[in-house]
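J.: Structure in structure tokens, see below.
There are 4 protein chains.
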Amino acid sequence: MLAEIKGLNEECGVFGIWGHSNAAQMTYYGLHSLQHRGQEGAGIVVTDGERLKGTKGHGLVNEVFDGEKLNDLTGTGAIGHVRYTTAGGGGFENIQPLLFHSQTGSLALAHNGNLVNASQLRRQLESQGSIFQTTSDTEVLAHLIRKSGFTSMKDKVKYALPMLKGAYAFLVMTETELMVALDPNGMRPLSLARLGDAYVIASETCAFDLIGAEYLRDVEPGELVVINQEGLHSERFATPTNQAMCSMEYIYFSRPDSDINGINVHSARKRLGKQLAKETNIEADVVTGVPDSSISAAIGFAEESGIPYEMGLIKNRYVGRTFIQPTQEMREQGVKMKLSPVRKVVEGKRVIMVDDSIVRGTTSKRIVKLLKEAGAKEVHVCISSPPIKHPCFYGIDTSTQEELISAFHSPEELCEIIGADSLTFLSEEGLLKAIGRESTDSNCGQCLACFSGKYPTEIYPAENDQSKTVKS
Amino acid sequence: MLAEIKGLNEECGVFGIWGHSNAAQMTYYGLHSLQHRGQEGAGIVVTDGERLKGTKGHGLVNEVFDGEKLNDLTGTGAIGHVRYTTAGGGGFENIQPLLFHSQTGSLALAHNGNLVNASQLRRQLESQGSIFQTTSDTEVLAHLIRKSGFTSMKDKVKYALPMLKGAYAFLVMTETELMVALDPNGMRPLSLARLGDAYVIASETCAFDLIGAEYLRDVEPGELVVINQEGLHSERFATPTNQAMCSMEYIYFSRPDSDINGINVHSARKRLGKQLAKETNIEADVVTGVPDSSISAAIGFAEESGIPYEMGLIKNRYVGRTFIQPTQEMREQGVKMKLSPVRKVVEGKRVIMVDDSIVRGTTSKRIVKLLKEAGAKEVHVCISSPPIKHPCFYGIDTSTQEELISAFHSPEELCEIIGADSLTFLSEEGLLKAIGRESTDSNCGQCLACFSGKYPTEIYPAENDQSKTVKS
Amino acid sequence: MLAEIKGLNEECGVFGIWGHSNAAQMTYYGLHSLQHRGQEGAGIVVTDGERLKGTKGHGLVNEVFDGEKLNDLTGTGAIGHVRYTTAGGGGFENIQPLLFHSQTGSLALAHNGNLVNASQLRRQLESQGSIFQTTSDTEVLAHLIRKSGFTSMKDKVKYALPMLKGAYAFLVMTETELMVALDPNGMRPLSLARLGDAYVIASETCAFDLIGAEYLRDVEPGELVVINQEGLHSERFATPTNQAMCSMEYIYFSRPDSDINGINVHSARKRLGKQLAKETNIEADVVTGVPDSSISAAIGFAEESGIPYEMGLIKNRYVGRTFIQPTQEMREQGVKMKLSPVRKVVEGKRVIMVDDSIVRGTTSKRIVKLLKEAGAKEVHVCISSPPIKHPCFYGIDTSTQEELISAFHSPEELCEIIGADSLTFLSEEGLLKAIGRESTDSNCGQCLACFSGKYPTEIYPAENDQSKTVKS
Amino acid sequence: MLAEIKGLNEECGVFGIWGHSNAAQMTYYGLHSLQHRGQEGAGIVVTDGERLKGTKGHGLVNEVFDGEKLNDLTGTGAIGHVRYTTAGGGGFENIQPLLFHSQTGSLALAHNGNLVNASQLRRQLESQGSIFQTTSDTEVLAHLIRKSGFTSMKDKVKYALPMLKGAYAFLVMTETELMVALDPNGMRPLSLARLGDAYVIASETCAFDLIGAEYLRDVEPGELVVINQEGLHSERFATPTNQAMCSMEYIYFSRPDSDINGINVHSARKRLGKQLAKETNIEADVVTGVPDSSISAAIGFAEESGIPYEMGLIKNRYVGRTFIQPTQEMREQGVKMKLSPVRKVVEGKRVIMVDDSIVRGTTSKRIVKLLKEAGAKEVHVCISSPPIKHPCFYGIDTSTQEELISAFHSPEELCEIIGADSLTFLSEEGLLKAIGRESTDSNCGQCLACFSGKYPTEIYPAENDQSKTVKS
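Those protein sequences? They're chains W, F, U and B, same order as listed. For what it's worth, the UniProt record's numbering labels the leading residue of the first sequence as 1, then goes sequentially. For what it's worth, the UniProt record's numbering labels the leading residue of the second sequence as 1, then goes sequentially. For what it's worth, the UniProt record's numbering labels the leading residue of the third sequence as 1, then goes sequentially. For what it's worth, the UniProt record's numbering labels the leading residue of the fourth sequence as 1, then goes sequentially.
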């Protein structure tokens with residue numbers, strides 16, 4: 001059944017602030033620290049108490065905004081969004097926050113996650129005459145809110161949210177209120193902080209550190225936080241169910257200096273590396289990590305195993321979007337971008353190459369080849385996560401099952417495919433232990449669906465024109 | 001006397017190729033791998049045997065060139081240049097390679113290094129009616145060549161070079177020849193490789209690895225290499241003197257995967273860290289390095305000392321040229337770009353912070369403050385090079401002596417200024433030993449002028465309008 | 001009552017083509033010939049029978065489109081739009097054609113004219129949960145169509161149109177049909193032509209001449225034309241009422257080479273000038289016209305009066321959007337852009353200056369001053385239209401009544417205000433006669449509302465948040 | 001002999017001001033009014049008494065400059081230049097003013113005209129070691145000045161100018177002086193004015209009108225004007241010879257509101273049309289002019305002949321540089337840019353089409369075809385200048401002799417080639433009479449070389465690599 005379901009999954013980052021005289025500037029810096037969560041586009045909407053005003057665009061935060069644009073965004077409340085680079089691009093209108101005006105008031109939405117019933121809801125709304133502006137699943141919430149008969153915006157939001165299924169961290173802003181909601185499984189990170197008198201919300205705590213805000217607590221699964229001139233008010237739109245925080249946030253997605261559910265990401269990664277070293281027993285001369293996301297794990301592995309850590313691979317910092325890719329002919333001649341092996345480090349050595357995950361296997365294969373061509377005697381690939389066998393419907397771009405090489409190949413077969421001398425995956429138990437969770441039962445606090453196929457929510461088969469819907 | 005001498009010193013990177021059907025494309029990739037040597041501007045000039053044609057511009061290699069521009073540069077010989085970001089910018093005309101047309105033939109020049117008598121030579125040439133197009137010291141060589149009475153280009157170059165003083169790695173290209181020259185002290189790295197039938201020259205060997213070229217040898221001090229349809233021909237325009245390779249190339253400037261004089265840079269840096277650990281004796285909980293250039297040294301330090309290496313500082317990858325800097329008011333509120341401390345890693349810890357050098361002290365002071373604000377109990381700064389007390393006149397941007405904080409302050413005073421709990425510099429002996437050289441006498445093969453004040457060449461006092469001259 | 005009504009009125013141009021292999025390219029050229037009708041923005045939507053695809057942007061047609069963008073717009077049906085420059089700019093989303101996607105099909109709209117009940121309709125639709133994407137009055141029709149319960153698109157459109165009040169020439173395109181509708185008063189020009197097997201629709205016939213299409217007939221008031229694979233089919237959504245073609249189309253708005261209702265615009269203007277000469281009796285040495293729109297009338301005036309026509313004013317062709325306007329101080333020093341008097345032509349002369357209309361009087365005052373400073377002995381202003389005393393609600397930017405100087409000042413007062421030696425307006429009878437219409441009764445075929453205050457449709461007082469609605 | 005001589009001839013415009021607090025802004029407006037003389041590029045150099053500073057770029061004046069750039073150009077003296085669009089483009093470095101720095105002072109040059117011995121002088125200078133920065137003939141003067149042994153800049157210029165042959169109006173500016181020179185034949189217009197205490201120099205008097213400057217006099221042939229803090233000082237670097245003002249300046253190049261040698265251009269053109277009417281005797285229904293340059297002549301023709309003037313052709317104002325040209329296939333379908341016939345004006349009529357000149361004949365042929373396709377019964381082409389049979393070496397782009405259709409075809413043959421019903425050229429005598437000169441002897445004050453082949457200066461055969469030299 002799962003194989004039927006196609007979709008463009010994305011990860012994103014959200015940031016919000018309420019009660020700060022430089023709301024737009026703070027959001028700019030906040031989004032900047034969340035930039036790793038999305039490089040396709042960025043946007044900020046502010047409110048000055050009377051109207052909403054926004055700017056958004058394709059590219060990095062510092063490409064979308066300049067001083068003039070930021071200065072135009074005067075207001076004391078703001079929400080912002082960074083969007084993941086998708087293969088096929090994506091229209092300007094899909095860049096968030098989405099902003100809707102009407103003669104009775106405006107509404108801005110920013111969303112991290114992925115709704116699994118967006119297509120069903122949209123079809124239903126269109127049959128009633130609604131016109132959608134975007135192909136983003138986020139817009140569904142706007143229509144549900146606007147069609148709601150309730151009077152207060154809080155009630156409109158509170159009764160619209162239960163119609164959504166999937167993973168979501170939503171920021172909803174009107175002229176006079178900022179509302180924050182997290183899905184009942186708490187699948188995406190979302191934290192709350194204070195900056196003087198202002199409240200700050202962000203996908204990752206690294207955004208708080210940057211602007212000097214003080215971490216208060218994580219938003220709870222099923223919680224609706226309303227912030228307005230009367231302060232912060234919390235209530236539940238859903239009773240708590242089993243928390244299922246996305247494991248990939250720890251494994252590779254979040255920034256090492258962020259804490260998720262109170263656990264530091266770099267430290268978790270280093271423990272993943274240590275645990276991986278414990279679970280294997282390879283004789284080697286050097287340990288090296290695939291930059292940037294696997295360096296912490298590689299250092300942990302080296303520390304645990306006693307094998308020295310070396311910089312065996314260099315990531316090129318200057319390969320931008322406009323970089324001219326080498327032709328096939330040139331690639332054969334040796335032109336290789338992005339990652340360079342350090343010949344003198346690996347030449348004649350037995351190398352343990354630590355990476356965070358294997359999705360399609362093509363990258364791993366390429367890196368093993370690079371290291372061998374640079375003279376490595378043996379290359380032992382050690383992966384600081386279990387095999388990914390199942391697609392993610394909640395916002396991580398692990399694509400369709402057909403593309404997941406571990407769905408169809410055993411580690412032994414995969415080892416041969418990527419040309420390594422050995423291939424080791426971390427166990428699920430090891431993963432939970434290293435992160436700092438107790439057990440693998442359904443109550444472990446982590447979503448392990450991409451490894452185990454046990455999804456925390458129901459999944460809907462996508463319909464024929466699903467391709468028209470882009471998830472945020 | 002030295003304090004009188006002002007100038008804008010710069011480091012750059014050069015690349016050349018002769019006898020390749022995709023000369024411009026190869027140069028594009030070569031320059032890309034030398035991008036860390038200069039981000040201000042880039043240029044490529046090609047020859048198709050009949051005429052020279054070039055493109056250049058401000059910015060990164062992939063900003064200056066696109067597919068169309070590269071395809072226009074048809075030819076089998078090419079030279080390219082990347083230029084360091086200078087504070088005050090620098091005119092378009094100064095971007096290299098410089099290209100000079102005349103009714104009897106054209107000439108392209110690319111230069112890494114700095115001439116110490118450029119101003120004197122220029123003044124002399126102008127008094128004879130020469131009109132300069134740039135404020136670059138590189139142009140002096142073009143005028144010397146053009147005024148030379150010799151018939152062959154090789155002789156024109158050979159007899160012009162001895163009039164230059166300082167550090168230089170020159171690529172000179174005409175319609176039919178590529179000439180390569182290194183100053184008699186060999187102060188800048190310059191290596192030679194083969195790619196099929198083509199010859200390749202580059203400032204660093206990492207450029208060879210990228211395009212699959214095979215390293216042949218380093219260009220020798222005082223050597224003039226002439227490459228044309230008859231192959232490669234080498235002769236000397238100067239007898240060899242004491243080699244004086246710039247030590248900063250090992251300490252922070254070159255890429256870790258390059259080999260300079262046969263010594264791998266990452267390995268040298270790791271040895272610098274180990275040697276530094278040997279020379280000091282600090283009790284601490286974690287070792288952390290200032291990314292990116294000090295990571296190798298920090299890992300070496302950790303390995304030698306047994307203190308665990310941790311990622312205590314994160315470098316932000318997305319801070320581009322157009323990034324809006326926080327105002328003073330925001331900085332006070334905590335907005336800090338570029339470098340973030342990892343709170344959970346340093347909180348309550350005694351931290352050894354390894355950095356490659358201290359120039360003005362402001363950066364070190366800022367990082368110590370960051371770490372302390374993030375909760376570090378103690379911060380011990382360990383520098384993997386000796387104190388920089390003297391300005392560089394050969395192309396490294398260590399500015400004027402007034403700005404060199406070690407010129408006027410002892411390590412103890414400096415420790416207090418930067419707010420560290422201790423400050424350790426590597427010794428000159430330790431530096432040479434770690435790099436792999438024998439002794440500190442004048443024959444050690446390294447230039448130590450910025451530490452010792454012993455310059456390998458004579459230095460000329462700059463004249464009043466020196467400010468008009470930009471060094472390449 | 002009229003003074004209560006505020007709004008941003010605009011004139012625009014529309015073009016459509018059905019059944020042509022280069023539909024987008026033809027639309028590009030068509031829009032180009034309608035460029036004078038709107039320079040703020042331009043857009044094209046095409047259909048290839050299966051889906052709609054569009055491109056739009058701020059600026060001129062040749063700024064919005066390049067070869068690549070046009071080539072992407074493959075299809076055999078297309079509609080396009082050029083938009084008038086409004087004072088306060090206008091959001092990207094308001095640029096037309098508007099394009100709406102849904103899971104059951106797409107819809108594109110292009111509109112020339114102005115709806116007088118847009119605000120009322122929008123308010124009603126929003127109260128039912130509709131979310132508007134733009135602040136354009138055009139979007140109202142899209143929502144009316146989508147909410148319609150009819151099955152066929154033709155019926156949806158046919159029964160939605162009667163809810164609209166005002167002036168409109170609408171192009172509505174789906175994947176498989178192009179529909180064309182003109183308001184029951186026929187207030188905007190809209191003509192039909194053939195190009196081989198294709199049908200072409202345009203605001204002005206000059207677009208047909210450019211692409212070599214053959215004029216068929218004008219679209220009739222209240223007519224709905226449906227073009228699809230079965231050919232062209234016409235029906236009426238309203239019975240014909242009195243035609244009320246906008247008189248400004250003849251006076252200054254349309255291109256001289258266009259024919260409106262079978263009357264050539266240049267010839268009509270020349271007749272306006274002749275009629276004006278008949279209605280006045282001024283002794284003068286030269287006749288000059290304010291370029292470009294008044295040249296035809298000035299030549300007619302000269303021909304009729306026997307006073308020689310001279311080029312007394314030169315329009316500067318290079319004053320673009322980015323031109324730096326002179327400061328007040330510079331203006332006093334004489335810096336005058338856009339229009340230059342030809343000193344030798346007017347010096348010491350009695351000059352008749354023919355202009356097409358006076359709205360605020362500021363331009364006329366400025367030109368009289370220019371001519372006098374250049375030495376004109378007398379300046380007699382002759383206007384080839386009657387005084388504009390009433391605002392236009394149908395799309396011509398004659399703004400609010402407060403800004404219409406003739407609403408509050410007699411010609412004698414106005415003559416003094418602008419500093420002229422005499423001021424003559426054309427009579428309403430003269431206007432109709434010169435255009436070629438019979439009488440001034442309500443059946444004359446022309447809208448004279450801005451002169452007479454007799455509006456052909458009812459007018460609605462604008463509501464409080466009217467300012468949020470931009471008319472197309 | 002002439003046929004051997006190839007070259008790229010160009011017309012340009014120069015402007016200078018000295019002693020004005022807003023020198024750059026005034027130059028911006030001045031260049032703007034000279035924009036018709038060159039649209040390829042523009043530049044301004046200012047002096048603040050201590051240093052020269054400039055900005056230049058490709059495109060129109062208002063594209064090259066914005067408020068920020070102009071504000072950077074602080075100074076009380078300025079020179080500016082606009083450059084003609086050449087077929088093959090032209091390098092950035094050739095855009096003027098050229099600016100040369102040296103350690104002893106800077107020099108800026110702006111030039112209108114064309115040197116006929118530039119190639120010879122350049123070759124000579126290069127053989128002595130000079131390196132040229134541009135391919136512009138203007139740079140030759142800079143080298144001649146710099147190589148001069150004289151002490152004062154005035155003497156350097158005064159003794160360098162006599163080495164130049166051809167047509168030139170030069171502005172030379174140093175930190176402290178502005179020098180103005182006109183060739184001994186006075187072939188290019190150059191006038192002097194006063195603006196308060198400041199002196200102003202411009203290619204055309206329309207620039208004075210724009211900024212409110214008061215015309216003083218024309219610069220005399222062979223005159224060198226030096227303006228500095230001591231005021232304006234005039235001397236001669238050559239004795240006056242026969243003045244030979246370019247006739248094309250009157251016929252089509254200059255702006256109608258300019259006066260050249262005291263003669264207004266529009267009035268001269270109208271007289272050319274009247275004279276043309278006197279010299280011919282065609283029965284026709286309407287007279288129409290090819291916009292913009294032939295309108296004055298057409299009106300004169302109509303006035304003299306009594307045949308009514310009509311707007312038979314419309315010039316499209318929006319065809320910019322980036323406009324997508326119709327493909328051959330589209331042209332056949334009727335897509336015609338730039339010029340549209342007014343069908344209702346010419347249909348069934350005998351049309352006299354007045355144009356200013358015929359160079360290759362292709363444009364005339366195209367317009368005749370347009371008019372006939374629009375229904376003109378007869379098209380009589382009347383040209384307000386004599387046949388152009390000889391190339392111009394002084395800066396007007398009448399190209400090589402091979403391209404001049406009148407060099408090889410009689411008017412009768414040409415009439416057939418362009419498909420007209422008759423073709424009339426103005427006589428040389430008529431031309432001089434209409435302009436206001438006495439006779440056709442060598443002392444008539446006008447250059448008639450392109451009609452008669454009698455060149456006012458010697459001409460040098462171009463050498464082999466002439467193609468490398470672009471004239472200004």
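Idealized CB from N, CA, C, for every residue including glycine. The structure displayed is predicted, hence computed values, not measured ones.
Among the candidates U:G312, U:I307, U:E416 and U:E329, whose CA atom is the shortest distance from the CA of G361 of chain U?
T.: Closest option to G361 of chain U, Cα to Cα, is U:E416.
J.: Please list, in chain order, the residues of the region 201-212 of chain U that have any C-beta partner in chain B closer than 7 Å.
T.: Near chain B, meaning a CB-to-CB distance below 7 Å, the residues of the region 201-212 of chain U are C206, D209, L210, I211 and G212.
J.: Let me confirm a value: G77 of chain U is counted as buried when at least 16 other C-beta atoms fall within 10 Å, else exposed. Which label applies?
T.: buried
J.: What does a CB cutoff of less than 6 Å around T134 of chain W pick up in its chain, not counting 5 residues either side in sequence?
T.: E93 and N94
J.: What does I260 of chain F reach in chain W if we use C-beta pairs closer than 8 Å?
T.: Residues of chain W passing the Cβ test: none, with the nearest at roughly 11 Å.
J.: Cα separation between V354 of chain U and T176 of chain W?
T.: 56 Å
J.: Between the Cα of E347 of chain B and the Cα atoms of B:G375, B:R331, B:A434 and B:L371, which residue gives the shortest distance?
T.: The closest CA to that of E347 of chain B, considering only B:G375, B:R331, B:A434 and B:L371, is found on B:G375.
J.: Chain F partners of E68 of chain W, CB-CB under 7 Å?
T.: Going along chain F, no residue has its Cβ under 7 Å from E68 of chain W, so there is no contact; the nearest lies around 10 Å.
J.: To which residues of the same chain is E458 of chain U closer than 7 Å at the C-beta, ignoring the five residues directly before and after it?
T.: K165
J.: Do Q35 of chain W and N316 of chain F have their CB atoms nearer than 9 Å?
T.: yes
J.: Can you pull the chain B neighbours of R37 of chain F, defined as C-beta to C-beta under 8 Å?
T.: Neighbours of R37 of chain F on chain B: none; closest Cβ ~26 Å, over 8 Å.
J.: With a threshold of 6 Å on Cβ separation, who are the neighbours of P456 of chain F within its own chain once the five nearest residues in sequence on each side are excluded?
T.: N185, A244 and C447
J.: Is DSSP giving T86 of chain F helix, strand or coil here?
T.: In this predicted model, T86 of chain F has a pLDDT of only 48, less than 50, meaning its place in the structure is not dependable; the value taken from the coordinates is given anyway. Note: T86 of chain F maps to coil in three-state DSSP.
J.: What residues match up with S106 of chain W in a beta bridge as DSSP calls it?
T.: According to DSSP, which records beta bridges pairwise, S106 of chain W is partnered with W:H101.
J.: Going by DSSP, what residues sit across from residue 489 of chain U in a beta bridge?
T.: Because chain U spans 1 through 472 in this model, residue 489 of chain U falls outside it and cannot be assessed.
J.: Whole angstroms is fine: what's the gap from T86 of chain W's alpha carbon to S152 of chain U's?
T.: Confidence at T86 of chain W is low in this model, with a pLDDT of 48, below 50, so the placement of that residue should be treated as unreliable; the coordinate-derived value is given next. Note on geometry: alpha-carbon atoms of T86 of chain W and S152 of chain U lie some 37 Å from one another.
J.: Taking the runs of the beta strand (DSSP E) that are 3 residues or longer, which of them lie wholly in the region 397-428 of chain U?
T.: 422-425
J.: Name, please, each residue of chain B whose Cβ falls closer than 8 Å to the Cβ of S267 of chain U.
T.: K344 and V345
J.: To the nearest angstrom, how far is the alpha carbon of G453 of chain U from that of A302 of chain U?
T.: 32 Å
J.: Strictly below 9 Å CB to CB, what residues from chain W border R146 of chain U?
T.: E126, G129, S130 and I131
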